Structures are given as C-alpha cells and as structure tokens.
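For reference, the structure is listed below as structure tokens.
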Amino acid sequence: MEEKKEELRQMVGRRYRDVLEASSAVQRVSQIADTFAKTVHDIRLVGAERMATKYSEISVIVIQRILALNKFSSMIDHFSPLSNAFLMLVIENIHRYLCTDTYQTDDLRRFTKYMSRKLFRKRLRLEEELVNKISLLSNIDDVVNNLSAIILLTKISFEKLIELFMERKLSAINKNLLDSPSLIDIVWNIRLSLQCMREIFMNGKLVNNLQMIAADGWMPSSFCCNTEMKLSFFVSFFNPNFI
Numbered sequence: 001m002e003e004k005k006e007e008l009r010q011m012v013g014r015r016y017r018d019v020l021e022a023s024s025a026v027q028r029v030s031q032i033a034d035t036f037a038k039t040v041h042d043i044r045l046v047g048a049e050r051m052a053t054k055y056s057e058i059s060v061i062v063i064q065r066i067l068a069l070n071k072f073s074s075m076i077d078h079f080s081p082l083s084n085a086f087l088m089l090v091i092e093n094i095h096r097y098l099c100t101d102t103y104q105t106d107d108l109r110r111f112t113k114y115m116s117r118k119l120f121r122k123r124l125r126l127e128e129e130l131v132n133k134i135s136l137l138s139n140i141d142d143v144v145n146n147l148s149a150i151i152l153l154t155k156i157s158f159e160k161l162i163e164l165f166m167e168r169k170l171s172a173i174n175k176n177l178l179d180s181p182s183l184i185d186i187v188w189n190i191r192l193s194l195q196c197m198r199e200i201f202m203n204g205k206l207v208n209n210l211q212m213i214a215a216d217g218w219m220p221s222s223f224c225c226n227t228e229m230k231l232s233f234f235v236s237f238f239n240p241n242f243i
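Residue numbers for the sequence shown, in full-length UniProt numbering: 1 to 243.
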C-alpha cells in the first residue's frame, strides 16, 4: 500500500499542469454558480408588484431573493452529489447578496441570521455525506461525480483528496475483512478499489470531468435531463433568456 501511495504522489507531480487546469475548472464552476445567483434580480414572479406594495419596506429584488433562497434550500439532497454541491453554491451566493444588501430591515436581518445557521448546518451535513459516500461507491462515474462535488464545496487539494480517498477505501476494506466470510468478495472489492484509483487519478478521469463542467453552458445533468425540474428550477426563478 505504501508503494501505491508513492505511485500516486509521483503521478500528482507528473500531472501538475492538469491539477492547475482542474483548479481553474473549479473556479469556473464557482463563477457559474455566482452568475446563477446574480440572475435572481431578473426573476419575473407573478404578483411581485403586489408584494412590494404590501411589504413596502422591502424591495422587490429582496423579496425575489428570499423566495428563491427558500425554494432552492428545500431542493438540496434531491439530486446527484455534484448537482447538490452546485446548488449549495448558488444558495450561499444568494444568501450573501441578502446579507450585504443596502436595503436592510430588522426582519431581513433576522431572516438572514436564521438562514446563516440553517445553511451552515446544511453545508456541514452535505460535506459529511459526500465524504461518507467515498467508501460506499464503486461505480467509477459515481465516484468521479462525488469527488467533484467534494472539490467544489471544500476546495480541497488533489493531494489531500487522494489521501482522503485512500483512507476511506482502506477503512471500507478493513471493515469488509471483518464482516465478509467470503475471500472472493474481499479480493473483488480490493480489485475494484485499485481500479477506481487508477482510472480516477492516474488516468485523469477526475481532471477531465472538472474541465468538462467548467465549459460554457454547463449545468448539472439532473436539471438538463429532467424537463419538469429544469423548467421549475430555471424558468420559474431565472430570466428565460439566460437559459
């Protein structure tokens, strides 16, 4: 196992340029999430003017952001790990705009303070779930999706990610040694773990995935493939011209 660790460390050095590109990809995805959050000001909600009259102390844009924040925060955990991570970034950006809005009221301050605690707990729970999934997932595409989500949320370095991945996989193997009566199952699980490590880190599958999601026009597949969800998520809340 020490030899495998050394191999992976050497691989990281050889692929330094890929790591830099992956870092740029992470920044790009964060920018996309930020752009999504900024487009909340273009929301066209039925009855917005009526609400603005009723709540004259709060601007229409603040009301729209509050509605979007409540809606999006309820959607967390309904999608794939990568989609959930992306959605978390959008939610946090909207919340940040509300916190820094110059049109503050006592009600708005109380709301943003309440949401700060709520979003903090959501982020911690989501990060914990993503880390725990490392030892459970065996499908390479699912693992790449999960690791990409971890990178987006935590900005973890590739070296630290490799260490975390190996730690979780070794823990799963040790547990399997204790629980499984079948030697064949144990050997098979070890083989899958090694194959997964090779494809994801040594063959650059994770780097390629980060570069793909950083491309212009990318959005989480959960929203692209689900027409109903795509419509409810984007058309109802964002400027249709942006999609």
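Glycine is no exception: its CB is placed at the ideal position from the N, C-alpha and C atoms. The structure displayed is predicted, hence computed values, not measured ones.
If you ignore the 5 residues before and after asparagine 146, its C-beta comes within less than 8 angstroms of the C-beta of Pro81, Leu82, Leu130, Lys133, Ile134, Leu137, all in its own chain and listed in chain order. Residues of the same chain with a CB within less than 7 angstroms of the CB of glutamate 127, apart from the 5 flanking positions on each side, are Leu153, Thr154 in chain order. Beyond the five residues adjoining it in sequence on each side, leucine 98 comes within less than 6 angstroms, by CB distance, of Arg65, Thr112 in the same chain, given in chain order. Taking 7 angstroms as the cut-off, the beta carbon of isoleucine 173 is found closer than this to the beta carbon of isoleucine 190.
Under the rule that a run must span 3 or more residues, no beta strand (DSSP E) segment is found entirely inside the stretch 138-166.
Counting C-beta atoms within 10 angstroms of its own C-beta, asparagine 70 has fewer than 16 neighbours from the protein chains shown and is therefore classed as exposed.
Assignment of tyrosine 103 by DSSP, reduced to helix, strand and coil, places it in the coil class. Leucine 119 counts as buried, since at least 16 other C-beta atoms from the protein chains shown sit within 10 angstroms of its C-beta.
DSSP places arginine 191 inside the alpha helix (DSSP H), whose first and last residues are 183-197. A contact between stretches requires three or more CB pairs, one per stretch, nearer than 8 angstroms, and the stretch 86-95 fails this requirement with the stretch 156-166. The three-state reading of DSSP puts methionine 115 in helix, counting H, G and I together.
For threonine 105, the closest alpha carbon among the candidates Val62, Leu192, Ile213, Ala215 is that of Val62. Inter-residue distance for lysine 205 and tryptophan 188 is about 22 angstroms (C-alpha atoms, whole angstroms). For the set Leu194, Asp142, Asp179, the Cα lying nearest the Cα of glutamate 167 is the one of Leu194. In the structure shown, the three-state DSSP call for methionine 88 is helix. In the three-state reduction of the DSSP assignment, alanine 68 falls in the helix class, which pools H, G and I.
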